[in-house]
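Enquirer: If you read the sequences in order, they're chains B and Y.
Each number in my numbering corresponds to the 1-based position in the first sequence with 1199 added.
Each number in my numbering corresponds to the 1-based position in the second sequence with 172 added.
Each residue gets a CB set at the ideal place from its N, CA and C atoms; glycine is no exception.
If you scroll down you'll find the structure; I have some questions about it.
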Amino acid sequence: NAGVTQTPKFQVLKTGQSMTLQCAQDMNHNSMYWYRQDPGMGLRLIYYSASEGTTDKGEVPNGYNVSRLNKREFSLRLESAAPSQTSVYFCASGQGSRTEAFFGQGTRLTVV
Amino acid sequence: GQQVMQIPQYQHVQEGEDFTTYCNSSTTLSNIQWYKQRPGGHPVFLIQLVKSGEVKKQKRLTFQFGEAKKNSSLHITATQTTDVGTYFCSPLSMYSGGGADGLTFGKGTHLIIQP
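Given below as structure tokens:
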């Protein structure tokens, strides 16, 4: 099994550009999550989807949008990238907050 | 999200020394999970603690959940270079609803091992 797959692995954007980070899981999990990781800040939850058809804001949702396309896929969109969004982004999936989460390999995004 | 304090932020140890990281919450928790992230890698689940006073062991790693379910610790005995990384706790409040919440994390403890 591939587990959780994120694309792309690396991306450089110019300020104001838009892009979508893709995430897919093949474990039939109900819940999916997007995090950003910055030095000294740990993992901060951006958005999550507890089940297909639902999405909720996390700790740092401003500047992002998400789409739970189906049970497998959960995408994160930056409509107008800013340098403050330079970070490593992780997608994760699980069967809910009372079970373990499985993480993707991460996307390293730089906004210049 | 659930507010927790994870300490210390950084810990330097000599190889062979013990290491402990703590996760402290101001509110009672339903459960707590621990994850490890190697440098350049992604977080990997280690364990989940659910019961008050629970102690679980994985080889040289010992995990504890406090009696009041407000704090937890991860202790590594005789550290090895393979233990290098960042250790995160992920607490779930007992007031959360049905497990359909976002998983939040402490800021992590960076373990640096000097050979």
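Beta strand (DSSP E) containing residue 209 (chain Y): first to last residue?
Expert: The residue given as residue 209 (chain Y) occupies position 37 in the second sequence. Unbroken beta strand (DSSP E) run through residue 209 (chain Y): 201–209.
Enquirer: Keeping to the same chain, check which residues put their C-beta closer than 6 Å to that of residue 1221 (chain B); ignore five residues upstream and five downstream.
Expert: Within the first sequence, numbered from 1, the residue matching residue 1221 (chain B) stands at position 22. Cβ within range, chain order: 1206, 1274.
Enquirer: Indicate whether at least one CB of chain Y lies closer than 9 Å to the CB of residue 1304 (chain B).
Expert: Here residue 1304 (chain B) is taken as the residue at index 105 of the first sequence, counted from 1. True, the Cβ-Cβ gap to chain Y drops below 9 Å.
Enquirer: Leaving aside the five residues before and after residue 248 (chain Y) along the sequence, list all residues of the same chain whose C-beta is less than 6 Å from its C-beta, in chain order.
Expert: On the second sequence, residue 248 (chain Y) is found 76 positions in, with the first residue counted as 1. 191, 232, 233, 255, listed in sequence order.
Enquirer: Taking Cβ to Cβ, would you say residue 1301 (chain B) is nearer than 9 Å to residue 1226 (chain B)?
Expert: Here residue 1301 (chain B) corresponds to residue number 102 of the first sequence, with the count starting at 1. Here residue 1226 (chain B) corresponds to residue number 27 of the first sequence, with the count starting at 1. Going by C-beta atoms, residue 1301 (chain B) is nearer than 9 Å to residue 1226 (chain B).
Enquirer: Please determine, among B:1233, B:1242, B:1223, B:1286, the residue with the shortest C-alpha to C-alpha distance to residue 1201 (chain B).
Expert: Here residue 1201 (chain B) is taken as the residue at index 2 of the first sequence, counted from 1. Nearest C-alpha to residue 1201 (chain B): B:1223.
Enquirer: Chain B beta carbons: is any one of them nearer than 9 Å to that of residue 173 (chain Y)?
Expert: Translated into positions along the second sequence, residue 173 (chain Y) becomes position 1. With a pLDDT of 47 at residue 173 (chain Y), under the threshold of 50, the predicted position of this residue should be treated as unreliable, though the coordinate-derived value follows. Cβ-Cβ to chain B under 9 Å: yes for residue 173 (chain Y).
Enquirer: Ends of the beta strand (DSSP E) at residue 250 (chain Y)?
Expert: Numbered from its first residue, the second sequence carries residue 250 (chain Y) at position 78. Premise fails: residue 250 (chain Y) is in no beta strand (DSSP E) and is neither H nor E.
Enquirer: Please state the DSSP three-state secondary structure of residue 1221 (chain B).
Expert: Reading the first sequence from its first residue, position 22 is the one you call residue 1221 (chain B). Three-state result, residue 1221 (chain B): strand.
Enquirer: For my contact list, residue 183 (chain Y) and residue 279 (chain Y) are in at a C-beta cut-off of 8 Å; report their separation, rounded to the angstrom.
Expert: If you number the second sequence from 1, residue 183 (chain Y) lands on position 11. If you number the second sequence from 1, residue 279 (chain Y) lands on position 107. Wrong, their Cβ atoms sit about 13 Å apart, outside the cutoff.
Enquirer: Can you look up residue 1283 (chain B) in the DSSP assignment and give me helix, strand or coil?
Expert: Within the first sequence, the letter at position 84 stands for residue 1283 (chain B). In this structure, residue 1283 (chain B) counts as helix in the three-state DSSP scheme.
Enquirer: Can you grab the Cα-Cα spacing for the pair residue 1237 (chain B) / residue 193 (chain Y), in whole Å?
Expert: Translated into positions along the first sequence, residue 1237 (chain B) becomes position 38. Translated into positions along the second sequence, residue 193 (chain Y) becomes position 21. Using only the alpha carbons, I get a separation of about 20 Å.
Enquirer: Helix, strand or coil for residue 190 (chain Y), going by three-state DSSP, please let me know.
Expert: One-based indexing of the second sequence puts residue 190 (chain Y) at position 18. Residue 190 (chain Y): coil per DSSP, three-state reduction.
Enquirer: Quick check on the burial criterion: 16 or more other C-beta atoms within 10 angstroms. Buried or exposed for residue 1310 (chain B)?
Expert: What you label residue 1310 (chain B) is simply residue 111 of the first sequence in a count that begins at 1. Counting Cβ neighbours within 10 Å, residue 1310 (chain B) comes out buried, since at least 16 surround it.
Enquirer: Between the alpha carbons of residue 1259 (chain B) and residue 1280 (chain B), how many angstroms are there, rounded?
Expert: Against the first sequence, residue 1259 (chain B) aligns to sequence position 60. Against the first sequence, residue 1280 (chain B) aligns to sequence position 81. Spanning the two alpha carbons is a distance of roughly 15 Å.
Enquirer: Beta-carbon separation of residue 258 (chain Y) and residue 218 (chain Y) under 9 Å?
Expert: Sequence index remark: in the second sequence, residue 258 (chain Y) carries index 86 (1-based). Sequence index remark: in the second sequence, residue 218 (chain Y) carries index 46 (1-based). Against a cut-off of 9 Å, the Cβ pair of residue 218 (chain Y) and residue 258 (chain Y) comes out as no contact.
Enquirer: Taking only three categories from DSSP, how would you classify residue 279 (chain Y)?
Expert: Indexing the second sequence from 1 puts residue 279 (chain Y) at position 107. Correct three-state label for residue 279 (chain Y): coil.
Enquirer: Considering only the alpha carbon of each residue, which of B:1233, B:1283, B:1277 lies closest to residue 1216 (chain B)?
Expert: Looking up residue 1216 (chain B) in the first sequence gives position 17. Ranking the options by Cα distance to residue 1216 (chain B), first place goes to B:1277.
Enquirer: Taking only beta-carbon atoms, is residue 260 (chain Y) less than 9 Å away from chain B?
Expert: Along the second sequence, read from residue 1 onward, the residue named residue 260 (chain Y) stands at position 88. So, interface residue.
Enquirer: Please list the partners that residue 236 (chain Y) has in chain B, where partner means a Cβ-to-Cβ separation under 7 Å.
Expert: Sequence index remark: in the second sequence, residue 236 (chain Y) carries index 64 (1-based). None at all; the shortest Cβ gap to chain B is about 19 Å.
Enquirer: In whole angstroms, what is the alpha-carbon distance linking residue 173 (chain Y) and residue 260 (chain Y)?
Expert: By one-based count along the second sequence, residue 173 (chain Y) stands at place 1. By one-based count along the second sequence, residue 260 (chain Y) stands at place 88. Its pLDDT being 47, under 50, residue 173 (chain Y) is placed unreliably by the model, and the measurement read from it follows with that caveat. Near 15 Å, if we compare the C-alpha coordinates of residue 260 (chain Y) and residue 173 (chain Y).
Enquirer: Beta carbon of residue 224 (chain Y), beta carbon of residue 240 (chain Y): below 9 Å?
Expert: The residue labelled residue 224 (chain Y) in the question sits at position 52 within the second sequence. The residue labelled residue 240 (chain Y) in the question sits at position 68 within the second sequence. In this structure, residue 240 (chain Y) lies closer than 9 Å to residue 224 (chain Y) by Cβ.
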